[in-house]
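Residue numbers (this note's numbering): 236 to 369.
What follows is the structure, encoded as structure tokens:
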């Protein structure tokens with residue numbers, strides 16, 4: 236049922252917005268700091284956890300969760316497009332450096348995350364090679 240996907244999306248969104256507000260308060264910024272991104276990460280994590288856990292959810296339920304997980308990413312992109320990019324660029328090089336650092340860190344973490352997702356190949360118990368006399 237798609238309603239479970241909506242429920243998961245709304246819970247992740249509320250948690251992300253709350254965490255973003257708390258982060259903004261902690262660093263002294265009167266704004267939400269990364270709440271939508273945190274919500275997206277929570278949604279990806281919980282969607283993956285539900286599918287890997289083998290909870291025995293019905294196929295329709297899993298389809299609903301997958302649907303809203305897939306639809307949320309374009310929503311985040313649209314929300315990011317509404318940010319005041321021109322104002323950030325005119326405020327100084329810090330915005331550019333922060334953006335470049337975030338992209339650089341994300342690219343650097345791709346191989347690490349890829350290795351985390353792979354299963355280790357089963358190693359066959361092989362007998363040590365016998366040494367031949369020379």
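By construction, the Cβ of each residue, glycine as well, lies at the ideal position given by its N, Cα and C atoms.
Thinking C-beta only, is residue 275 closer than 8 Å to residue 239?
-> no
Rounded straight-line distance, which links the Cα of residue 311 to that of residue 253 | 16 Å
Beta-carbon gap between residue 273 and residue 251 smaller than 8 Å = yes
Can we count residue 304 as close to the ligand GTP, meaning its CB is less than 7 Å from some heavy atom?
-> No copy of the ligand GTP occurs in the structure displayed, which carries no ligand at all.
Straight-line gap, residue 332 to residue 295 (C-alpha atoms, nearest Å) | 44 Å
If residue 243 and residue 303 are in contact, beta carbons under 8 Å, what's the gap, nearest whole angstrom?
-> 7 Å
Excluding sequence positions up to five away, which residues of its chain have a Cβ less than 8 Å from the Cβ of residue 263?
-> none
Inter-residue spacing [alpha-carbon to alpha-carbon] between residue 335 and residue 246 | 31 Å
With respect to the alpha helix (DSSP H) encompassing residue 282, which residues constitute its N-terminal and C-terminal limits?
-> 270-288
Can you give me the start and stop residues for the alpha helix (DSSP H) that residue 350 sits inside?
-> 328-352
Which term fits residue 326, buried or exposed, when burial requires 16 or more other beta carbons within 10 angstroms of its beta carbon?
-> exposed
Please classify residue 300: is it buried, with 16 or more other beta-carbons within 10 angstroms of its beta-carbon, or exposed?
-> buried
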